[in-house]
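These notes are about the structure you will find just below.
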Amino acid sequence: LSCSGPDWYEFGEFCYKPYGDKKTWHAARGECRKLGADLVSIQSMTEQSWLESYLYMGKTTNDVWIGLNDMGFSGLFSWSDNHWVTFTYWAPGEPNNHQGFNEDCVEMFYQTGRWNDVPCTELNTYICCK
Ligand code: GN1
Ligand code: CA
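Here it is as structure tokens:
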């Protein structure tokens, strides 16, 4: 496997590309889809740890969209790239639909790597994966 093109990073069987500009979840996913990719899905602690180390290397100082969402049915989370949900890494108390908001999209806290559900209209940086 080779992740050709600028700013693609290889890990395991996938290629990852971080973006520093902030978009809604849907707009971010749209950018990924233009490249034949999708928002990143995370299958394991190994992959999670690699993403964290890579975020901490100064790539972002903002929370980051991942592909997880429960837009289809509240409380049932799925990955936008259709991977099964085999691993989760929620922050304590999450997901919580905070204060009754529809928090249907999931961000990764850049400080801890933990996951939090937030409104899909929030603006975040993002990682594409293919
Ligand atoms: C709160 O504290 P902050 O902004 O990182 C909330 C999250 C919500 C988020 C909405 C512990 O996170 O659940 O999604 O606001 N955290 C807690 O912006 O309630
Ligand atoms: Ca939340």
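FYI, the numbering for the sequence shown is 35 to 164, going by the UniProt record's numbering.
Where a beta carbon is used, it is the ideal one built from N, C-alpha and C, also for glycine.
All figures in this text were calculated on a predicted structure; none of them were measured in a lab.
Residue i versus the options, residue with shortest Cα-Cα distance
i, options, result
"V140", "Q133, T122, G134", "T122"
"T155", "Y43, C37, A62", "A62"
Residue i in three-state terms, based on DSSP
i, result
"C37", "coil"
"W113", "strand"
"W59", "helix"
"Y144", "coil"
"E137", "coil"
Whole-angstrom C-beta distance between residue j and residue i, which should lie under 8 Å
i, j, result
"V98", "Y50", "Contact flag wrong, Cβ pair sits at about 11 Å."
"D138", "N103", "5 Å"
"N131", "K56", "Contact doesn't hold; Cβ gap of about 22 Å is too wide."
"Y53", "E65", "7 Å"
Neighbour flag for residue i against chain B, beta carbons, 9 Å
i, result
"Q82", "Reference to chain B is not applicable here, since this structure consists of a single protein chain."
### Neighbouring residues (CB closer than 6 Å to any heavy atom of ligand 2)
Chain-ordered, the residues whose CB falls short of 6 Å from any heavy atom of ligand 2 come out as E128, P129, N130, H132, E137, N150, D151, V152.
### Query
Can we say the stretch 107 to 117 touches the stretch 62 to 82, given the rule of at least three CB pairs closer than 8 Å?
Touching, yes.
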